[in-house]
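Chemist: For the protein sequence lines, the chains are L and Z, in the order given. Residue numbers for the first sequence follow my numbering, so the first one is 1 and each next one is one higher. Residue numbers for the second sequence follow my numbering, so the first one is 1001 and each next one is one higher.
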Amino acid sequence: MSNRMIVEVAKREVVVRARTKSFRIITALLLLVAVAAPVAVRLWPSNDGIDEVSIGLGSGMTTDDGADLPAMLVSMGQQRYDFTFVDLSDASPAEVDAAIIGESAEGLNVDVVVEPGPTLAWKDRVDDELGFLIASALRQQGVLDRGAELGLTDEQIGAIVTPTTVTDRFVEEPDEFDETASLLAMLGLMTAFIIPQVFGQLALQSVVEEKSSGVVEVLLGQIRPRTLLAGKILGIGVLAVCQIAIVVGGMVGALLLLSDLELPGSPWMFVAVLSISLLGGMASYITLYALLGSLISRQEDAAQVMVPVFLPLMAGYIVGQTAAFGAADSLAAKVLTFIPLTTPMLLPVRVARNAISGVEIAVALGLLVLSVAVLVRLAERLYEFTLLRKGTRIGWVEAFRGLRAPSGS
Amino acid sequence: MALRLEVVDLHKRYDEVLALDGLDLRVPEGEMVGFLGPNGAGKSTAMRAILGLVSIDAGRIECNGGPIGEEARRHIGYMPQERGLYQRMMVHEQISYFGRLAGLDGATANRRADEWVDRVGLSDRRDDLIQELSVGNQQRVQLAVSLVHEPNLLLLDEPFAGLDPVAVSTMIDVMKEQVASGVSVVFSSHQLDLVQDLTENVTIIAGGTTRASGRVSELRNNSPRRILEIEWVGEAPTWQPAAGVATTSRSGATTYDVAADTDPGALIAEAAQVGQIASVRYEPPGLDDIFLEIVGQDPS
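1. Report all residues from its chain with a CB closer than 7 Å to the CB of L/S212; omit the five preceding and five following residues, and keep chain order.
2. For Z/I1305 and chain L, any beta-carbon pair shorter than 8 Å?
3. Start and end of the alpha helix (DSSP H) containing L/M72?
4. Would you please state the rounded distance, in angstroms, between the beta carbons of L/L410 and L/A399? I believe it to be under 8 Å.
5. Is DSSP giving Z/L1122 helix, strand or coil here?
6. Which residues does DSSP pair with Z/T1254 in a beta bridge?
7. Among the residues of its own chain, which have a CB less than 8 Å from the CB of Z/L1051, if the five just before and after it don't count?
8. What are the residues that DSSP puts in a beta bridge with Z/D1157?
9. With three or more beta-carbon pairs closer than 8 Å as the criterion, would you say the stretch 1167-1186 of chain Z touches the stretch 1131-1149 of chain Z?
10. Between which two residues does the beta strand (DSSP E) containing Z/M1079 stretch?
11. Just to confirm the assignment, what range does the beta strand (DSSP E) spanning Z/N1201 have?
12. Measure the Cβ-Cβ separation of L/A10 and L/L292 and say whether it is below 8 Å.
13. From L/Q197, L/P225 and L/F199, pick the residue whose C-alpha is nearest to that of L/E210; which is it?
14. Do you know offhand how far L/F193's Cα is from L/L43's?
15. What are the residues of the stretch 1223-1240 of chain Z that lie near chain L, defined by any Cβ-Cβ distance shorter than 9 Å?
16. Looking at C-beta atoms only, is the number of pairs between the stretch 1198-1218 of chain Z and the stretch 1009-1025 of chain Z that lie closer than 8 Å three or more?
17. Please return the same chain residues whose Cβ sits closer than 8 Å to the Cβ of Z/G1234, not counting the five positions on each side in sequence.
18. Cα separation between Z/Q1178 and L/E380?
19. Do you know whose CA, among Z/Q1196, Z/P1067 and Z/D1263, lies nearest Z/R1226's CA?
20. Kindly list the residues whose CB is nearer than 6 Å to the CB of Z/T1255, restricted to its own chain and excluding five residues on each side of it in sequence; keep chain order.
21. On the three-pair Cβ rule with 8 Å, is the stretch 1144-1155 of chain Z touching the stretch 1112-1124 of chain Z?
22. Is Z/R1126 close to chain L? Criterion is C-beta to C-beta, closer than 8 Å.
23. Would DSSP call L/V110 helix, strand or coil?
24. Under a three-way DSSP split, which group does Z/I1061 fall into?
25. Anyone know if the C-beta pair for L/M345 and L/L144 falls short of 8 Å?
26. Within the 8 Å Cβ cut-off, does L/M220 reach chain Z?
27. Tell whether a beta-carbon distance below 8 Å holds between L/Y285 and L/G366.
28. Report yes or no: do three or more beta-carbon pairs, one from the stretch 93-102 of chain L and one from the stretch 67-81 of chain L, lie closer than 8 Å?
29. Hey, would you say L/A290 sits closer than 8 Å to L/L368, going by beta carbons?
30. Going by DSSP, name the residue or residues bridged to Z/G1214.
31. Are L/F338 and L/A364 closer than 8 Å when you measure CB to CB?
32. With a threshold of 8 Å between beta-carbons, can Z/E1218 be considered close to chain L, or not?
33. Can you give me the Cβ contacts of Z/P1285 inside the same chain, cut-off strictly under 6 Å, excluding the 5 residues immediately before and after it?
34. In terms of residue numbering, what span does the beta strand (DSSP E) encompassing Z/V1027 cover?
35. Rounded to the nearest angstrom, what separates L/L183 and L/S206 at their Cα positions?
36. Would you list, in chain order, the members of the stretch 1121-1151 of chain Z that have their beta-carbon closer than 7 Å to a beta-carbon of chain L?
Structure, rendered in structure tokens:
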């Protein structure tokens, strides 16, 4: 009977919350963002790190003059630049300057001009990387020219200018910054930080609404407090999972339609850990927030009682952020991984950063599941004492004292 | 007649406040009992104790001849003093939901909700949110919620509070129907005239203790006072009977509060000497007087 009642309470939570305007609007907005983000990326393609550069060629620097500078630059800088070359060999110095500062009467616009000397003419500052590339090309061009003057064959010149290939060797695993892993870690952290909080507060509101409207007295005439709490956790949890599924489904669908779904390496461990952590986190925080709601009788008092729960959330978020972009192995990150209230935030981050072993993952998840069971049991006991109390806020000491009081008659 | 509910020597203390101090309540099967007492007397606490919403320090609660338990409580319908409904649920949905919580299957709960929506006159508001209803209509829904699972014991805490006359009439009809079908009803109310019209059985409590219990007519007859009302022909004379006092006077009529052992014949003869009498009414005090008589003994 009790399980059926839990399902009834859960169903009510889902149905009533899901039809509120705020829930629908937020879900629609999240879905819109999830679908729009990949579409926007596709419609607004990135340059893949390649900059477009316009180079003016002064007299003696154009192909017509027998120089191979453009070909050399294209060859040397193709990974980094998309070059456009503008012939300024017949331009006056004033016309060259106008082209550099973008005020040319002919509409010419260049980033730099290679003048005889050779000299590089810039607007008001040197682009070191581009300058170094042009200088290297000019040196290379000089070597080729002198080789030709000395009567060397193309092969001989080629042998001289071919750069020595240098390879890298690492004594330890290279400490590279993996941008994808960090983004994945941040995604997990944000999810584990925001979702339990949002739905936890929904649980708090729900409990306070039941207390302030007096409906809790009618409810408890039929079902036990623990049934009510369990149904609430289940219902709001299901609502959260549905919202996440809608948003993630929308994003994956958009990516599949755009054929852009390229998952990094092996994301399944991350997805599995994030899912379990998120479920554990939601169960923990929904329970805690529901319990906090039972300590007060007015929504206005909610801010006061939420502070203790906000502290582990903030600690987990701050340490998680540093772990996502750097110190995934710091002592703080390691410790908070095994504290159940911060596990949901730290564990996915460290898994994404590949900074945790399988055994540690199992232990952290085990502790999380165990703590959820203990927390729900404890909350049920406290809930029985606090739920029918009205008026001023019930202090934690008083609430725990209630654990010793007999329940019912 | 067999007892549906028997509460014996109930005690409950909240820190410094003694809420129940040996309260007794007996409710026969298929009867209505008015559960009366001043504010803070312990009526709501007693009802909550019966429902298991508050623990008791001592005493005994029995239902249908045995200790009350979860199963027996499932057959109690309850309407709390501070009404409790989900404001953002629809009328029919809410009644059905509470039916399912009381153990009904979905189809039965929906059917009963349909019936109760009609019965309390809210057919045209079936799919309205509770927050869109007037207070009176919300009370009708509350009544339906307490009855949807067909309880055998109904606990109504101040059911008439805040109701307009039409809603009071509906409430009274429903309560009478329930009693006629064998349901036992316990209700608290400060509207003693209504109580007297509704039931012969009352239990009066004060300070957490049962002060009087029984049939209204017995309580009235056991009173040490009687009420003599004389309607005079013409202006009422200034007359004070030897065995009582004039309590109220209106144009042409005076009410006297006299001792129960007074000879009414002698009293009326004495009155006839001071004025011409049009009519006389001599009876025990009403329930409101009895209530004040009993509760007045309570120093709290």
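Ideal Cβ positions, reconstructed from N, Cα and C, are used throughout, including at glycine.
Modeler: So, to answer that:
1. Numbered from its first residue, the first sequence carries residue 212 of chain L at position 212. Within the same chain, S297 and R298 come within 7 Å of L/S212 by CB-CB distance, once the 5 residues on both sides are set aside.
2. Residue coverage of chain Z in this structure runs from 1001 to 1300, which leaves residue 1305 of chain Z outside it and unanswerable.
3. Working through the first sequence from its first residue, we reach residue 72 of chain L at position 72. L69 to G77 is the extent of the alpha helix (DSSP H) around L/M72.
4. The requested residue 410 of chain L is not part of the displayed model; chain L covers only 1 to 409.
5. Position 122 of the second sequence, counted from the first residue, corresponds to residue 1122 of chain Z. In the structure shown, Z/L1122 sits in coil (DSSP, three-state: anything other than H, G, I, E or B).
6. Along the second sequence, read from residue 1 onward, the residue named residue 1254 of chain Z stands at position 254. Answer by DSSP bridge pairing, in chain order: Z/I1230 and Z/S1249.
7. Stepping through the second sequence from its first residue, residue 1051 of chain Z is reached at position 51. Cβ within range, chain order: R1073, I1076, Y1078 and L1155.
8. Taking the first residue of the second sequence as 1, we reach residue 1157 of chain Z at position 157. Answer is Z/S1188.
9. Counting C-beta pairs closer than 8 Å gives three or more between the stretch 1167-1186 of chain Z and the stretch 1131-1149 of chain Z, which meets the contact rule.
10. As a position in the second sequence, residue 1079 of chain Z is number 79, starting the count at 1. Counting along the chain, Z/M1079 sits inside the beta strand (DSSP E) bounded by residues I1076 to M1079.
11. On the second sequence, residue 1201 of chain Z is found 201 positions in, with the first residue counted as 1. First-last of the beta strand (DSSP E) with Z/N1201: N1201 to A1206.
12. Start at 1 with the first residue of the first sequence, and residue 10 of chain L comes out as number 10. Start at 1 with the first residue of the first sequence, and residue 292 of chain L comes out as number 292. In this structure, L/L292 does not lie closer than 8 Å to L/A10 by Cβ.
13. Counting from one through the first sequence, the residue named residue 210 of chain L turns up at place 210. Selected option, being the one with the closest Cα: L/P225.
14. As a position in the first sequence, residue 193 of chain L is number 193, starting the count at 1. As a position in the first sequence, residue 43 of chain L is number 43, starting the count at 1. Whole-angstrom Cα-Cα distance: 31 Å.
15. Flagged: no residues at all.
16. yes
17. If you number the second sequence from 1, residue 1234 of chain Z lands on position 234. Counting only Cβ-Cβ distances below 8 Å, and skipping sequence neighbours, we find G1252, G1275 and Q1276.
18. Stepping through the second sequence from its first residue, residue 1178 of chain Z is reached at position 178. Stepping through the first sequence from its first residue, residue 380 of chain L is reached at position 380. If I take the Cα positions, the gap works out to 36 Å.
19. For this step, residue 1226 of chain Z is matched to residue 226 along the second sequence. Among Z/Q1196, Z/P1067 and Z/D1263, the Cα nearest to that of Z/R1226 is on Z/D1263.
20. Translated into positions along the second sequence, residue 1255 of chain Z becomes position 255. So the qualifying residues of the chain are E1229, T1247 and T1248.
21. yes
22. Locating residue 1126 of chain Z in the second sequence gives position 126, where the first residue counts as 1. No, Z/R1126 does not count as interfacial toward chain L.
23. Counting from 1 along the first sequence, the entry for residue 110 of chain L is found at position 110. L/V110 falls in the coil class under three-state DSSP.
24. The residue given as residue 1061 of chain Z occupies position 61 in the second sequence. Residue state, collapsed to three classes: strand.
25. On the first sequence, residue 345 of chain L is found 345 positions in, with the first residue counted as 1. On the first sequence, residue 144 of chain L is found 144 positions in, with the first residue counted as 1. Contact flag unset, no.
26. For the purposes of this step, residue 220 of chain L is taken as residue 220 along the first sequence, with counting starting at 1. A small fix is needed here, since residue 220 of chain L is Leu in this sequence, not Met. True, the Cβ-Cβ gap to chain Z drops below 8 Å.
27. Translated into positions along the first sequence, residue 285 of chain L becomes position 285. Translated into positions along the first sequence, residue 366 of chain L becomes position 366. No, these two residues do not count as a Cβ contact at 8 Å.
28. no
29. As a working note, residue 290 of chain L is residue 290 in the first sequence. As a working note, residue 368 of chain L is residue 368 in the first sequence. No, Cβ-Cβ distance for L/A290 and L/L368 is not below 8 Å.
30. One-based indexing of the second sequence puts residue 1214 of chain Z at position 214. Looking at the DSSP assignment, Z/G1214 forms a beta bridge with Z/V1202.
31. Along the first sequence, one-based indexing puts residue 338 of chain L at 338. Along the first sequence, one-based indexing puts residue 364 of chain L at 364. Yes, the Cβ-Cβ distance between L/F338 and L/A364 is below 8 Å.
32. Counting from 1 along the second sequence, the entry for residue 1218 of chain Z is found at position 218. By this cut-off, Z/E1218 is not an interface position.
33. Here the question's residue 1285 of chain Z lines up with position 285 in the second sequence. Result list for Z/P1285: S1223, R1225 and I1227, in chain order.
34. For the purposes of this step, residue 1027 of chain Z is identified with residue 27 of the second sequence, where counting begins at 1. That run of the beta strand (DSSP E) goes V1017 to P1028.
35. Within the first sequence, numbered from 1, the residue matching residue 183 of chain L stands at position 183. Within the first sequence, numbered from 1, the residue matching residue 206 of chain L stands at position 206. The straight-line gap from Cα to Cα measures roughly 34 Å.
36. V1145
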